[in-house]
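>
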Amino acid sequence: AAGARACRSAIAATGRATGRKRKLHAEEGVLAVDLECGLRVRILPDHGVPICAGWLAWLGGQGSEPAAQAGLASLTAATLTRGNQRLGGDDLSRAIEGVAASLSGFAGRSSMGLHGEAIARHFPEVLDHMIECALTPTFPEDEVAEERRVALEELAAADDDLGSVALRGLRELLYGEHPGARPLRGTPKGVRGLHSRALQGAWRRGYPIGEAVLAIVGDVDVDALVAALSARLADLDAPAARRARRIARPKALTRPRRRTLHREREQAHLAIGYPGLVLDDPRTPAMEVLCTVLGGQSGRLFLALREEEGLVYHVDAHSSESVGGGHFAVYAATSQDKLDRALAAIDRHLDRIVDEAVDAASLARAKAWLCGQHQIGLQRRSRIANEVAFDVARGLSPTRYRGYVERIEAVDAAAVLELAQAIIVPKRRALSLVTSPKLRSR
């Protein structure tokens, strides 16, 4: 009831008529409506706990930023909530904190937007602030300058983290000139050149609200919320057509690549990688199982290289998937004198995963861990809203997240073996090393 009253108050505050009533329809249990301005709204009511979360998402992000403006997406996300035509950044922060809520921007490899969470009775207010930030962000120059300073400090700090240096070197080898080679924070040169006007122009051109998806999950009065949104956005024109987001793929590797960087440190760092999968490749469940079999504290690499042989301080296997490309990687930190043996041991385990089917116990353990982590994550309304928003943005079912466990359980040893043989190919291998200057012969 309180949520409905808040929504009606939001309608009154806009001073606009609601216009033609938008009809809701159900998409596999998720309520859906496309507003006249083009915004796709998907709502999953859940009255079990008086909490509500929303994600307003666009495709784009880092994959859409020019190389000369590397860091544009990250800087934009960081300053989206630092001022709009209604409220300045500090006033907005006080308004959000005053109702024990959260509201922030985000940017990923192929996404951009805002997300917020609040007690149900305060969510309409938070949603109204979210919409205002999307429609009228001001990107104040002083706020941009401060975030630019923070970004440059973080990039400098990353240069002192040799694990990050090795992994960044691996990305550069795998992706070349593709945006995936760059850190999400950008590059020092790109960040230094970013100012308020650049952020305003990029946001206006690239992220009209008619191309976004708004996913809301939680204790919400659906009719009142849709009426409030329709009223709030009634003056906006519908887009002529929703643009197709084309994010380029990296050039395929046709030969092995290797890079060695020398730093005077006690530890050595290595990252081995191969081109991987794009975000919606049907083999991504098998990739998750493959990485879990190899990585983690019960994975083959950890048990063999750290627990049994004592060759590394840390080792893991992971993958990254985005709309514009992906990769599979193994990273390890070791001592300088054990680098060669650690590298050889990792290669043996990669050869084994290509040559032999995973045993039943390892397969079952990996799948149980993945399914358990997924189910734990779904206890948060925000996690579900995130899943719904990005799936709809990519043209998929809003309830695709519900099939995750079934997709993981369907992965068998043959699927993992087939994927490993397709991905771990010698001619597409990239190796990034960070070692002591004393080992320049490597």
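Quick note on this note's numbering: the sequence shown kicks off at 5 and runs consecutively.
We put the beta carbon where it would ideally sit given N, CA and C, even for glycine.
Since L60 contacts G117 with CB under 8 Å, what's their CB separation in whole angstroms?
With a Cβ gap of about 5 Å, L60 and G117 count as contacting.
> What does the Cβ neighbour count give for A231, buried or exposed, with the cut at 16 atoms within 10 Å?
Classification for A231: buried.
> From A365 to K371, what does the alpha carbon distance come to, in whole angstroms?
Cα to Cα, the separation comes out at about 10 Å.
> Out of W62, G33, T403, D239, point me to the one whose CA is closest to E40's CA.
Cα-wise, what sits closest to E40 is D239.
> Let me check understanding here. Comparing Cα to Cα, which of A275, H133, H322, L423 lies closest to R98?
Minimum Cα distance to R98 is reached at H133.
> With respect to the alpha helix (DSSP H) encompassing R189, which residues constitute its N-terminal and C-terminal limits?
Neither: R189 is in no alpha helix (DSSP H) and is coded neither H nor E.
> Is it right to say I220 is buried, meaning 16 or more other beta carbons lie within 10 angstroms of its own, or is it exposed?
Counting Cβ neighbours within 10 Å, I220 comes out buried, since at least 16 surround it.
> From R186, E136, C56, pick the residue whose C-alpha is nearest to that of A124; which is it?
When only C-alpha atoms are compared, the closest one is C56.
> Using only CA atoms, which one of G277, N390, G190 lies nearest to D351?
Closest by alpha carbon: G277.
> Hey, would you say G58 sits closer than 9 Å to L139, going by beta carbons?
In this structure, L139 does not lie closer than 9 Å to G58 by Cβ.
> How many whole angstroms separate the CB atoms of G173 and R263, which I take to be in contact at a CB cut-off of 8 Å?
Between R263 and G173 the Cβ distance is about 5 Å, and since that is below 8 Å, they are a contact.
> Taking V37 and L48 to be in contact with their CB atoms under 8 Å, please state how far apart those CB atoms are, rounded to whole angstroms.
So it is not a contact: roughly 13 Å between Cβ atoms.
> Would you say W207 and P141 are within 9 Å of each other, going by their C-beta atoms?
A contact, by the Cβ cut-off of 9 Å.
> For A417, which residues of its own chain have a beta-carbon under 7 Å away from its beta-carbon, when the five flanking residues on both sides are left out?
A361, V362, L367, listed in sequence order.
> Helix, strand or coil for E325? Go by DSSP, reduced to three states.
Reduced to three states, the DSSP call for E325 is strand.
> Using CA atoms only, rank isn't needed, just tell me which of G75, F394, S106, A162 is closest to G190.
When each option's Cα is compared against that of G190, the closest is G75.
> Closest to A414 by CA distance: which of G112, L281, R209, R287 is it?
Among G112, L281, R209, R287, the Cα nearest to that of A414 is on R287.
> Going by other Cβ atoms of all chains shown within 10 Å of its Cβ, with 16 needed for buried, is L28 buried or exposed?
Answer is exposed; the Cβ neighbour count stays below 16.
> Measuring from the CB of A419, is there a heavy atom of the ligand PLP at a distance below 8 Å?
Among the components modelled here there is no ligand, and therefore nothing to report on the ligand PLP.
> Give, in chain order, every unbroken run of the alpha helix (DSSP H) that is at least 4 residues long and sits entirely within the segment 396-439.
Those alpha helix (DSSP H) runs which fall completely within the segment 396-439 and span 4+ residues are 408-413, 417-427.
> Could you confirm whether any beta carbon from chain D is found closer than 9 Å to the beta carbon of A161?
The structure shown contains no chain D; it holds only a single protein chain.
> Starting from T264, follow the beta strand (DSSP E) in both directions and report where the run begins and ends.
261-266 is the span of the beta strand (DSSP E), which, as asked, contains T264.
> Drop a sphere of 10 angstroms on the beta-carbon of V438, count the other beta-carbons inside from all chains shown, and report buried for 16 or more, exposed for fewer.
V438 should be labelled buried.
> Can you have a look at D395 and say buried or exposed, based on whether 16 or more other CB atoms are within 10 angstroms of its CB?
Burial call: buried.
> Who pairs with Q271 in a beta bridge, going by DSSP?
Paired residues: S339.
> P141 by DSSP, collapsed to three states: which one?
Of the three classes helix, strand and coil, the one that applies to P141 here is strand, per DSSP.
> Could you check if T296 is buried or exposed, using at least 16 other CB atoms within 10 Å of its CB as the buried criterion?
Buried, because 16 or more other Cβ atoms sit within 10 Å of the Cβ of T296.
> Would you report the Cα separation of A14 and A389, rounded to the nearest angstrom?
Confidence is the limiting factor: at A14 the pLDDT is only 48, short of 50, which leaves the residue's position unreliable, though a coordinate-based value still follows. Answer to the nearest angstrom: the Cα atoms are 22 Å apart.
> If contacts are defined as beta-carbon pairs under 8 Å, then Q271 and A337 qualify, I think. What distance do you get, rounded to the angstrom?
Going by Cβ atoms, the distance from Q271 to A337 rounds to 5 Å, so yes, they are a contact pair.
> Does DSSP put Y452 in a helix, a strand or coil?
Past the boundaries of the shown model lies residue 452; the chain is included only from 5 to 446, so the question cannot be answered.
> Can you name the residues that DSSP bridges to D38?
In the DSSP output, where bridge partners are listed per residue, D38 has R44.
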